[in-house]
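These notes are about the structure you will find just below.
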Amino acid sequence: VTACKDFDLLLPLHAAGALDPAEAGRVEAHLAACAACRAEAARDAEALSLAKLPPPTEAERRALEGVPRRAAAALHRADRRRFGWKRVGAAIAVAAAALLAILAPGLLHNDPPAPPPQVALVQEAERWEVPDPETMWEEAGVLDLGASSTSDDDATDVALAALDL
Amino acid sequence: MGDDERDRPGLRVVPGGLGAARREEDALVLGFLLGDDAAFGELFRRHQALVLAIVRRYARSPDDAADLVQRTFLRAFEAARRSLRGGPRSAVPFRRWLVRVAVNLAKNHRRDALRVVRAPVEAAEAAAAEPAAPDALLRREREARMREAVLRLPRRQREVLTLRIDAELPFAEIAEALGTTENAAKVSFHHATRALRAALAEDEP
Numbered sequence: 139v140t141a142c143k144d145f146d147l148l149l150p151l152h153a154a155g156a157l158d159p160a161e162a163g164r165v166e167a168h169l170a171a172c173a174a175c176r177a178e179a180a181r182d183a184e185a186l187s188l189a190k191l192p193p194p195t196e197a198e199r200r201a202l203e204g205v206p207r208r209a210a211a212a213l214h215r216a217d218r219r220r221f222g223w224k225r226v227g228a229a230i231a232v233a234a235a236a237l238l239a240i241l242a243p244g245l246l247h248n249d250p251p252a253p254p255p256q257v258a259l260v261q262e263a264e265r266w267e268v269p270d271p272e273t274m275w276e277e278a279g280v281l282d283l284g285a286s287s288t289s290d291d292d293a294t295d296v297a298l299a300a301l302d303l
Numbered sequence: 011m012g013d014d015e016r017d018r019p020g021l022r023v024v025p026g027g028l029g030a031a032r033r034e035e036d037a038l039v040l041g042f043l044l045g046d047d048a049a050f051g052e053l054f055r056r057h058q059a060l061v062l063a064i065v066r067r068y069a070r071s072p073d074d075a076a077d078l079v080q081r082t083f084l085r086a087f088e089a090a091r092r093s094l095r096g097g098p099r100s101a102v103p104f105r106r107w108l109v110r111v112a113v114n115l116a117k118n119h120r121r122d123a124l125r126v127v128r129a130p131v132e133a134a135e136a137a138a139a140e141p142a143a144p145d146a147l148l149r150r151e152r153e154a155r156m157r158e159a160v161l162r163l164p165r166r167q168r169e170v171l172t173l174r175i176d177a178e179l180p181f182a183e184i185a186e187a188l189g190t191t192e193n194a195a196k197v198s199f200h201h202a203t204r205a206l207r208a209a210l211a212e213d214e215p
């Protein structure tokens, strides 16, 4: 037994209560007149009703009680970690600037035909910028959950895994 | 897939309604990010049933389910924080983050086969070892077989099916959360229902 072609897609949606009133009315009018579709609709309804989970148990509801407090604390901890990295970055920047202030004058007054390795190091140091952890985080692109990016599920998984606090 | 409230702000002229609810929700997210823990409590109260409904099929115990709920909220907040930083154009409603994150966490959780052996529902049923009428026992067995059949469905079909029958989301919201069209989601639901019926018929020839 199969459903009439026009109603094949609609019957499971009807069984799941997902049709708007006009569509539901059209399906019900058809069901009243078509035994084959009535049988199909009954099988859909049975399978969906067996597959649906029962309401949450008391134990499941109780287990949720401590979640808001724990989750808020975890988020605050993550904030503190983030802020801590910023402070480490700032300390490195200050130390690097102090080192340059000491080394740079002596090195720059030398004018050798080939720059000694220290100059190359200092030049390298001058070009180097203290990475901002926030920017690194964003540039890494691991958190790029676009507004409609769920088609690339693996990328989403990586992004979500990176968020694991 | 468009974000109606974002793409057509001029159409939202009536106070209240979806636009106001969305703004209120954004304000709660922002409030929590600025340190207001009460805002988190309110967001949790509003959405805990939805998130639990999505993840509990994959949890092995009530505590495991609560852990999945907590992780969902944490990750959704991180995602919301980033999307708020990108300005209103990139803002995604918090509820949509929750659904997306819950679906993804559930999918990853499912990979650990041990975890899906006993859903909290089944554990609770086993614990309540009261004598049941033969009809009730038969129904429980059939429900357990259907739950296994749900977990064997192809991923997209399983996601659409459970977002509808467990979380009771409208298809428009299911499509938005999964990054697909409403019609494609309905077709997936149709295939899922057919697959469950076939599994039922196999068990009971």
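Here the protein sequences come in this chain order: A and B. Residue numbering for the first sequence follows the numbering used here, starting at 139 and increasing by one per position. Residue numbering for the second sequence follows the numbering used here, starting at 11 and increasing by one per position. All C-beta atoms, glycine included, are put in the ideal place defined by N, C-alpha and C.
Check	Outcome
CB contact check: Asp182 of chain A to chain B, cutoff 8 Å	yes
C-beta neighbour in chain B for Arg176 of chain A, strict 8 Å	no
DSSP three-state assignment for Arg166 of chain B, whether helix, strand or coil	helix
DSSP state of Lys190 of chain A mapped onto helix, strand, coil	coil
Spatial distance of Tyr219 of chain B from Ala180 of chain A (CA atoms)	Since the first residue of chain B shown is 11 and the last is 215, residue 219 of chain B is not available in this structure.
Any chain A beta carbon closer than 8 Å to Leu60 of chain B	no
Any chain A beta carbon closer than 8 Å to Ala75 of chain B	yes
Contacts that Ala210 of chain A makes with chain B (C-beta to C-beta distance below 7 Å)	Asp47 and Phe50
Minimum Cβ-Cβ distance from Leu195 of chain A to chain B less than 8 Å	For clarity, residue 195 of chain A is Thr in the given sequence; the question names Leu instead. Chain B contact via Cβ: present.
Partner residues on chain A for Glu153 of chain B, Cβ-Cβ distance less than 7 Å	Leu188
8 Å contact criterion, which Ala210 of chain A and Asp73 of chain B should meet: CB distance rounded	That pair is no contact at about 19 Å.
Chain B within 8 Å of Val232 of chain A, Cβ atoms only	no
Within-8 Å CB hit, Asp176 of chain B to chain A	yes
Under the three-state DSSP convention, the category Leu115 of chain B falls into	helix
For Asp213 of chain B, the three-state DSSP class (helix, strand or coil)	helix
Cβ shell of Arg165 of chain B (< 8 Å), same chain only, five flanking positions each side left out	Lys117
Supposed close pair Leu147 of chain A, Val197 of chain B - CB separation, criterion 8 Å	7 Å
Beta-carbon proximity of Val39 of chain B to Ala112 of chain B, cut-off 8 Å	no
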